[in-house]
Amino acid sequence: MIKILLGSLLVAVIAVLYTPVSMFLTVGGALKTHSNINTATCRNVHDPLLVGCENGQLHPESGIIYYACAIHLDERDAWFPPTDHMNKSLASHGGIIAFDTKTETAVQLEFDSAAVEGFAPHGLGIYFDSTDPQAVYIHAVNHRHSGSVVEIFKHILGATTLEHIETAHNPEILYNPNDVHSVGPRSFYASNDRGSRSYFAKISETLLALKWGHVVYYHDGKWSIAAKNMAFPNGVSGSKDSVHIYVVSVGDASLSIFKRRTNGSLKLVDFVKLPAIPDNIAVDPKTEEIYIGAIGNALKWLYYVTDHTIAIPGNVLKISPNEGTDKFYGKKYSIEAMLETDGTQYSSFTSAIPDPTTHKLFLAGLYEHGLFVCNKMV
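Here you go:
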């Protein structure tokens, strides 16, 4: 009887672990040999401000990329809840950096208010429209010591300061925020990457690819859950007209395409499996093709968060409507592996931002110094 019970338990464990372990080894890149592909036009761009720039967003009219940067990696190593660095001994002094894609120069935008209680940045979104062409609204995740929030700023193009509008905070439904996509001056979607709150529960949720994460909608002070049952939702973006919202999930290496309802909730209309573990999304402002920065080796990345000298391979994926003959057989989207690195030139880029004006592709990473810029890639 005991043997039968143990055998049944073993079968159950294998059944639970098979899918996440299999994906970890295959899609996660642990068994793959990486090389440098399509990197001939790429180079490193260094600036003391461009350190630990996890994500950014392009303002196409000005050619400015707004980056959320740690600036001081020792502070991120001490305090960054997403990687379970919970040492409050160091205050966080990260910043919003305005990077000019034409001159490749960076300026830190200073906060005008003491209301920002330290700044430990993560994901970031921007909103702008034709009614006030000089204004850009920035929604940035801030992992405060007192709880993670989304800070809302207003920037006037050319200014070196940010006006702090408000702190959006809801510990009931947005407690593990990762990324933000802006849809109005005080409206955004944000990924809550894990539904768990405790350390061991979050680890289990991540390793087992449990679908406990969700996407939150915030509009003028009101909160709601827009989409749920997602396995570690990470990067969030959207179409130019904001009709569709795009969310990539780490747990099942996927891209979910949603259509917005009038109340802000999201209806899933397409689901695309990806060949690598995705991080953040950027949308080409002209073609609306989707660019995804992806982690090349998930196993190494687990060690990289504490030892940044480890070389982590990276990928850039481009998703576009399928124009091949197989579209008649239900394949709606084409997935192009645009670029691959072995991690020696630049390690673990977490975002890939295309600029159709300069034809450059800008890559940045959570723990990296500077950017990796590729000419003639867009």
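Per UniProt numbering, the sequence shown starts with residue 1, numbered consecutively. Where a beta carbon is used, it is the ideal one built from N, C-alpha and C, also for glycine. Nothing here was measured: the structure is a model prediction, and the numbers come from that model.
Helix, strand or coil for Ile203, going by three-state DSSP, please let me know. Helix, per DSSP.
Residue ranges of each beta strand (DSSP E) within the region 276 to 310, 3 or longer: For the region 276 to 310, whole beta strand (DSSP E) runs of length 3 or above, ordered along the chain, are 277 to 283 and 290 to 295.
How would you label Pro278, buried or exposed, when you count the other beta carbons within 10 angstroms and need 16 or more for buried? Pro278 should be labelled buried.
Exposed or buried, His93, counting other C-beta atoms within 10 Å across all chains shown (16 or more means buried)? The C-beta of His93 has fewer than 16 other C-beta atoms within 10 Å across all chains shown, which makes the residue exposed.
Starting from Arg76 and walking both ways along the beta strand (DSSP E), at which residues does that stretch end? Per DSSP, Arg76 belongs to no beta strand (DSSP E); it is in the alpha helix (DSSP H), Leu73 to Ala78.
Length-filtered (3 minimum) beta strand (DSSP E) runs lying within the region 17 to 70: You should have 42 to 45, 53 to 59 and 64 to 69.
For His122, count neighbouring Cβ atoms within 10 angstroms of its own Cβ and tell me buried if that reaches 16, exposed if not. Classification for His122: buried.
Who are the near neighbours of Pro171 in its chain, counting only those whose CB is closer than 7 Å to its CB and skipping five residues on each side? Within the same chain, Pro171 has close Cβ partners Gly147.
Quick check: the Cα distance between Cys374 and Lys259, rounded to an integer number of angstroms? Roughly 32 Å separates the two Cα atoms.
Excluding sequence positions up to five away, which residues of its chain have a Cβ less than 6 Å from the Cβ of residue 382? With the chain represented from 1 up to 378, any question about residue 382 goes unanswered, as that position is not in the structure.
Apply the 10 Å Cβ neighbour rule to Met86 and answer buried if 16 or more other Cβ atoms are within range, or exposed otherwise. Met86 is exposed by the Cβ-count criterion.
Between Thr160 and Val107, which are expected to be in contact by the criterion C-beta below 8 Å, what is the C-beta distance as a whole number of angstroms? A Cβ-Cβ separation of about 6 Å places Thr160 in contact with Val107 under the 8 Å criterion.
DSSP-derived helix/strand/coil call for Thr161: In the structure shown, Thr161 sits in a strand (DSSP, three-state: E or B).
Around the C-beta of Arg194, are 16 or more other C-beta atoms found within 10 angstroms, so that it is buried, or is it exposed? With 16 or more Cβ atoms within 10 Å of its Cβ, Arg194 is classed as buried.
Buried or exposed: Ala15, going by 16 or more other Cβ atoms within 10 Å of its Cβ? Residue placement at Ala15 is flagged as unreliable, the pLDDT there being 49, under the threshold of 50; the coordinate-derived value follows with that caveat. When all chains shown are included, Ala15 counts as exposed.
Ordered along the chain, which non-local residues of its own chain (more than five positions away) have a Cβ less than 8 Å from that of Asp112? Exclusion of the five residues before and after Asp112 leaves Thr161, Leu162, Glu163 and His164 as the residues of its chain whose Cβ lies within less than 8 Å of its Cβ.
State the Cα-Cα distance for the pair Ala337 and Leu58, rounded to the nearest angstrom. Distance between the alpha carbons of Ala337 and Leu58: 22 Å.
For Val149, which beta-bridge partners are listed by DSSP? Beta-bridge pairing links Val149 to Asn142.
Whole-Å CB distance - Phe188 paired with His244, under 8 Å assumed: The C-beta distance from Phe188 to His244 rounds to 15 Å, too long to fall under 8 Å, and the pair is not in contact.
Looking at the structure shown, is Phe232 part of a helix, part of a strand, or coil, going by DSSP? Here Phe232 sits in coil by DSSP.
Any 3 or more C-beta pairs closer than 8 Å across the region 279 to 286 and the region 338 to 357: At 8 Å Cβ cutoff, the stretches touch.
Per DSSP, the bridge partner or partners of Glu110: For Glu110, which the question treats as bridged, DSSP gives the partners Thr161.
Collapsed DSSP secondary structure at Asp326 in the structure displayed: DSSP places Asp326 in the helix class (H, G or I) of the three-state scheme.
C-beta atoms of Phe372 and Tyr346 nearer than 8 Å: Tyr346 is positioned such that its CB atom lies closer than 8 Å to that of Phe372.
What do you reckon, are the CB atoms on Gly293 and Ile312 nearer than 8 Å? In this structure, Ile312 does not lie closer than 8 Å to Gly293 by Cβ.
Is it buried or exposed, residue 455, if we count other Cβ atoms within 10 angstroms and call 16 or more buried? Lying before the first or after the last residue shown, residue 455 is absent from the chain, which here runs from 1 to 378.
Would DSSP call Thr262 helix, strand or coil? If DSSP states are grouped into helix, strand and coil, Thr262 belongs with coil.
So is Ser130 buried or exposed if we call it buried at 16+ other beta carbons inside 10 Å? Taking all protein chains in view, the Cβ of Ser130 is surrounded by fewer than 16 other Cβ atoms within 10 Å, so the residue is classified as exposed.
Inter-residue Cα distance where the pair is Tyr199 and Leu25: The straight-line gap from Cα to Cα measures roughly 24 Å.
Could you check the C-alpha separation between Met230 and Leu210 for me, to the nearest Å? Each residue's alpha carbon lies about 8 Å from the other.
Return helix, strand or coil for Pro321, following the three-state DSSP convention. DSSP places Pro321 in strand when its eight states are reduced to three.
How many angstroms separate the CA atom of Gly221 from the CA atom of Ala168? Computed Cα separation, rounded: 8 Å.
Given this structure, state the Cα-to-Cα distance separating Asn36 from Arg43, to the nearest angstrom. Going by the C-alpha atoms only, they are around 13 Å apart.
Give the C-beta separation of Lys88 and His145 to the nearest angstrom, bearing in mind that I take them to be a contact with Cβ-Cβ under 8 Å. About 5 Å separates the beta carbon of Lys88 from that of His145, a gap short enough to meet the 8 Å contact definition.
Own chain residues within Cβ distance below 7 Å of His155, not counting five before or after: Taken in chain order, the residues that qualify are Leu109, Val136, Ile138 and Leu162.
Where do the N-terminal and C-terminal ends of the beta strand (DSSP E) with Gly184 fall, by residue? Pro177 to Gly184 is the span of the beta strand (DSSP E), which, as asked, contains Gly184.
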